[in-house]
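What the sequence shown shows, in the numbering used here, is residues 576 to 665, in sequence order. Worksheet for the structure shown next.
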Amino acid sequence: MVWPGFGFIWATLVTEATLSLGMVVGIRSWISVFKPARYFVLAYLAMAIPNMVGNLTKIGLIETNKNGSLFTWTYWNSARCGITCFCCRK
């Protein structure tokens, strides 16, 4: 064991690095006119935003109430936003 809390910090750094790399690859593909990349980027955002909020909550940079409803609210509303974007586009 390196120090208490090392696992949380390590998991946060690894997931943020992975999510950032995936987002960069998706955006670069979208810019290079690969049409399906826009769906990838939107789906990746629906996954990345709740993950980032959850990581910041676990570290303590974002406060939440006792039952952790901030994470649940963010997760479901970002998923709804992604579904709405796909269903309502022209």
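Don't be surprised by glycine CBs; every beta carbon is placed ideally from N, CA and C. A quick note: this is a predicted structure, and the numbers were derived from the prediction, not measured.
query, result
"Assigned secondary structure, Lys633 (DSSP; H/G/I helix, E/B strand, else coil)", "helix"
"Three-state class that DSSP yields for Ser607 in the structure shown", "coil"
"Min CB distance Leu620 to chain B below 8 Å", "The chain inventory of the structure shown lacks chain B, comprising one protein chain alone."
"As assigned by DSSP and simplified to three states, the class of Gly580", "coil"
"Counted within 10 angstroms of its Cβ, other Cβ atoms place Gly601 as buried (16 or more) or exposed", "buried"
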